[in-house]
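Enquirer: Reading the sequence shown from the start, the letters are residues 1 to 321 in UniProt numbering. Where is the CB? At the ideal position from N, CA and C, for every residue including glycine.
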Amino acid sequence: MTEKANRKRPRNKRGEASNPPSTEEEIGSGGQTLNPPSTQKGTGGGGKGASNPETDNCGGDTFSSPTPRERREPSDELKVTLKDPDLLDCSVCLEPLCPPIYQCTTGHVECSSCWSKRQEMKCNICPFPVSSRCIAVEKIVESVHLPCTYASYGCSQSVPYWQRELHTNACAFGPSSCPIPGCNHKAFSGQWLDHFTQSHRFRQTYFVYGESRTIVFEQGDSYFILSGPDQDLLLLVNEPVLSMGNALSLYSIDLPHLGQNVLLYELLVGTDTGKETSLAQLKSRVFSIKEKNKVSFLLLPPGFSTSRQMEVRLVIKKDVM
1 MTEKANRKRP RNKRGEASNP PSTEEEIGSG GQTLNPPSTQ KGTGGGGKGA
51 SNPETDNCGG DTFSSPTPRE RREPSDELKV TLKDPDLLDC SVCLEPLCPP
101 IYQCTTGHVE CSSCWSKRQE MKCNICPFPV SSRCIAVEKI VESVHLPCTY
151 ASYGCSQSVP YWQRELHTNA CAFGPSSCPI PGCNHKAFSG QWLDHFTQSH
201 RFRQTYFVYG ESRTIVFEQG DSYFILSGPD QDLLLLVNEP VLSMGNALSL
251 YSIDLPHLGQ NVLLYELLVG TDTGKETSLA QLKSRVFSIK EKNKVSFLLL
301 PPGFSTSRQM EVRLVIKKDV M
């Protein structure tokens with residue numbers, strides 16, 4: 001062997017040239033042979049030196065080798081643990097980020113609200129300008145969904161990270177305040193029936209979905225409690241509206257087992273003065289007391305009822321959303 005070839009051989013600790021093991025040479029004490037995968041195309045039958053890249057054998061286990069072209073399907077979900085949720089908050093106002101999101105050349109991000117209020121384009125953390133969208137973080141923020149804060153109380157919704165606070169404040173399964181003026185009681189879903197029956201001595205009746213009920217308001221009555229199946233609790237309110245008459249409205253106080261259903265109702269109020277009959281009617285959806293701004297009401301003009309009693313016919317139906 002020439003001197004040039006000998007220099008290329010690796011040497012052992014004694015300085016002797018060592019030869020790489022032959023493809024047929026036994027190694028270790030087990031007498032096993034180590035054969036590199038053949039570069040030739042498979043010959044079939046699993047012959048010596050043949051290797052199938054899709055079913056390589058490693059320690060006796062057969063596995064499939066992923067190819068670089070394999071990609072996760074868009075519908076697949078990947079559960080991850082975010083140890084520092086502050087990473088998804090704006091570096092300026094510290095509120096959860098929501099698209100569009102802007103970044104400086106260093107990578108510090110901020111929400112569009114803070115970015116639009118800037119007098120200068122300089123970053124809040126470093127001296128570099130905030131001048132471009134951060135598409136990568138936008139995609140992450142849109143993909144991160146969290147269970148509702150009140151999942152243990154029955155809410156099954158999964159909401160985007162940046163919408164979680166909004167959902168929590170309006171969630172029907174969260175604690176709510178008693179709507180009766182002067183009462184500071186708060187309770188979770190399933191706890192309101194006892195409070196209203198023990199702390200508020202309003203007149204009440206039991207209702208069944210789909211069946212008509214006649215409710216009589218005595219002069220001066222403002223509230224009427226409606227208890228239904230599965231501890232469902234609703235409140236019919238009769239409140240004066242300055243110089244406009246009275247407004248009748250229906251709220252849900254507690255619906256522990258509503259699920260994906262919605263409640264619809266119909267109010268009908270009639271008066272008979274002996275000379276003429278007047279009717280007022282309202283059809284609407286039942287909203288939670290937390291969404292009072294969405295609630296429809298039936299406005300009864302002044303003098304609509306001259307009697308000391310006012311009869312209201314009410315039908316409540318449960319429908320699938």
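Per DSSP, what kind of secondary structure is residue 6 in: helix, strand or coil?
Expert: The count along the sequence shown starts at 1 and reaches residue 6 at position 6. Because residue 6 carries a pLDDT of 44, less than 50, the predicted location of this residue cannot be relied on, and no value is offered for it.
Enquirer: Can you tell me whether DSSP reads residue 113 as helix, strand or coil?
Expert: Taking the sequence shown and counting its residues from 1, the one referred to as residue 113 is at position 113. Residue 113 falls in the helix class under three-state DSSP.
Enquirer: What residues in its chain sit with their C-beta under 7 Å from that of residue 322, if we drop five residues either side in the sequence?
Expert: No answer is possible for residue 322: the residues shown for the chain start at 1 and end at 321.
Enquirer: Short of 6 Å in beta carbon distance, which residues of its chain neighbour residue 87, apart from the five on each side in sequence? Order them along the chain.
Expert: Working through the sequence shown from its first residue, we reach residue 87 at position 87. Same-chain partners within the cutoff: there are none.
Enquirer: Looking at residue 248 and residue 312, is the spacing between their C-beta atoms short of 8 Å?
Expert: For this step, residue 312 is matched to residue 312 along the sequence shown. For this step, residue 248 is matched to residue 248 along the sequence shown. Residue 248 sits close to residue 312, with the two beta carbons spaced by under 8 Å.
Enquirer: Whose C-beta lies closer than 7 Å to the C-beta of residue 131 among residues of the same chain, with five residues either side of it excluded?
Expert: Position 131 of the sequence shown, counted from the first residue, corresponds to residue 131. Its chain contains 121 as the residues whose beta carbon lies nearer than 7 Å to that of residue 131, once the 5 sequence neighbours on both sides are disregarded; these appear in chain order.
Enquirer: Span of the beta strand (DSSP E) holding residue 135?
Expert: As a first step, residue 135 must be located in the sequence shown, where it is residue number 135. For residue 135, there is no enclosing beta strand (DSSP E); the enclosing alpha helix (DSSP H) has its first and last residue at 135-143.
Enquirer: Can you check whether the CB of residue 210 is closer than 8 Å to the CB of residue 317?
Expert: Position 317 of the sequence shown, counting from 1, holds the residue named residue 317. Position 210 of the sequence shown, counting from 1, holds the residue named residue 210. The answer is yes: Cβ separation under 8 Å.
Enquirer: How should residue 176 be labelled, buried or exposed, when 16 other C-beta atoms within 10 angstroms of its C-beta is the threshold for buried?
Expert: For the purposes of this step, residue 176 is taken as residue 176 along the sequence shown, with counting starting at 1. By the neighbour-count rule (16 or more Cβ atoms within 10 Å), residue 176 is buried.
Enquirer: So does residue 196 have its beta carbon nearer than 7 Å to some heavy atom of the ligand ZN?
Expert: In terms of ligand content, the structure shown is empty, and the ligand ZN therefore cannot be addressed.
Enquirer: Hey, how far is the Cα of residue 165 from the Cα of residue 97?
Expert: Against the sequence shown, residue 165 aligns to sequence position 165. Against the sequence shown, residue 97 aligns to sequence position 97. C-alpha separation (whole angstroms): 12 Å.
Enquirer: For residue 159, which residues in the same chain have their Cβ closer than 7 Å to its Cβ, ignoring the five residues on either side in sequence?
Expert: Position 159 of the sequence shown, counted from the start, is the residue given in the question as residue 159. Hits under 7 Å: 145, 146, 148, 167.
Enquirer: If I measure Cβ to Cβ from residue 207 and keep anything under 7 Å in the same chain, skipping five residues before and after, which residues do I get?
Expert: Here residue 207 refers to the residue found at position 207 of the sequence shown. These residues qualify, in order along the chain: 213, 226, 228, 316.
Enquirer: Reducing DSSP to helix, strand and coil, say where residue 224 ends up.
Expert: Position 224 of the sequence shown holds residue 224. Strand, per DSSP.
Enquirer: List the DSSP bridge partners of residue 340.
Expert: The requested residue 340 does not occur in the structure, where the chain is confined to residues 1 to 321.
Enquirer: I'd like the span of the alpha helix (DSSP H) that includes residue 165, first residue to last.
Expert: Walking along the sequence shown from the start, residue 165 turns up at place 165. Per DSSP, residue 165 belongs to the alpha helix (DSSP H) from 164-170.
Enquirer: According to DSSP, is residue 83 part of a helix, a strand, or is it coil?
Expert: On the sequence shown, residue 83 is found 83 positions in, with the first residue counted as 1. Here residue 83 sits in coil by DSSP.
Enquirer: Evaluate contact between the stretch 131-142 and the stretch 92-110, counting only Cβ atoms and requiring at least three cross-stretch pairs below 8 Å.
Expert: yes
Enquirer: Let's test the definition: count the other Cβ atoms within 10 Å of the Cβ of residue 52 and tell me whether it reaches 16, buried, or not, exposed.
Expert: Residue mapping note: residue 52 aligns to position 52 of the sequence shown, counting from 1. Below a pLDDT of 50, predicted positions are generally treated as unreliable, and residue 52, at 48, falls in that range; no measurement from the model is reported.
Enquirer: If you draw a straight line from the C-alpha of residue 221 to the C-alpha of residue 251, how long is it?
Expert: As a working mapping, residue 221 is identified with position 221 in the sequence shown. As a working mapping, residue 251 is identified with position 251 in the sequence shown. Those two C-alpha atoms are separated by around 16 Å.
Enquirer: With distance defined between alpha-carbon atoms, name the residue in 78, 189, 80 nearest to residue 174.
Expert: Position 174 of the sequence shown, counted from the first residue, corresponds to residue 174. Of the listed residues, the one whose Cα sits closest to residue 174 is 189.
Enquirer: If you run the structure through DSSP and keep just helix, strand and coil, what is residue 197?
Expert: Position 197 of the sequence shown, counting from 1, holds the residue named residue 197. It is helical.
Enquirer: If you draw a straight line from the alpha carbon of residue 300 to that of residue 255, how long is it in whole angstroms?
Expert: Your numbering for residue 300 matches position 300 in the sequence shown. Your numbering for residue 255 matches position 255 in the sequence shown. Between residue 300 and residue 255, the C-alpha separation is close to 28 Å.
Enquirer: In angstroms, rounded to a whole number, what distance separates the CA positions of residue 90 and residue 196?
Expert: Position 90 of the sequence shown, counted from the first residue, corresponds to residue 90. Position 196 of the sequence shown, counted from the first residue, corresponds to residue 196. Rounded to the nearest whole angstrom, the C-alpha separation of residue 90 and residue 196 is 43 Å.
Enquirer: Assuming residue 245 is part of the beta strand (DSSP E), what are its boundary residues?
Expert: Counting from one through the sequence shown, the residue named residue 245 turns up at place 245. Here the beta strand (DSSP E) through residue 245 covers 245-254.
Enquirer: Examine chain D for any beta-carbon lying closer than 8 Å to the beta-carbon of residue 201, and answer yes or no.
Expert: Of the protein chains in the structure, only one exists, and it is not chain D.
Enquirer: Among 138, 143, 85, 219, which one has its Cα closest to the Cα of residue 78?
Expert: Position 78 of the sequence shown, counted from the first residue, corresponds to residue 78. Nearest option by C-alpha distance: 143.
Enquirer: Please tell me whether residue 341 and residue 217 are closer than 8 Å, where the distance is taken between their beta carbons.
Expert: The chain is shown from 1 up to 321; residue 341 falls before or after that span and cannot be answered.
Enquirer: By the 10 Å Cβ neighbour count, where 16 or more other Cβ atoms means buried, how is residue 60 classified, buried or exposed?
Expert: For the purposes of this step, residue 60 is identified with residue 60 of the sequence shown, where counting begins at 1. Residue placement at residue 60 is poorly supported in this model, since its pLDDT is 47, which falls under 50; the coordinates still yield a value, given next. Classification of residue 60: exposed, given that the 10 Å Cβ count is below 16.
Enquirer: Hey, quick one: how far does the beta strand (DSSP E) through residue 319 stretch, first residue to last?
Expert: Here residue 319 refers to the residue found at position 319 when the sequence shown is read from its first residue. Element bounds for residue 319: 309-320.
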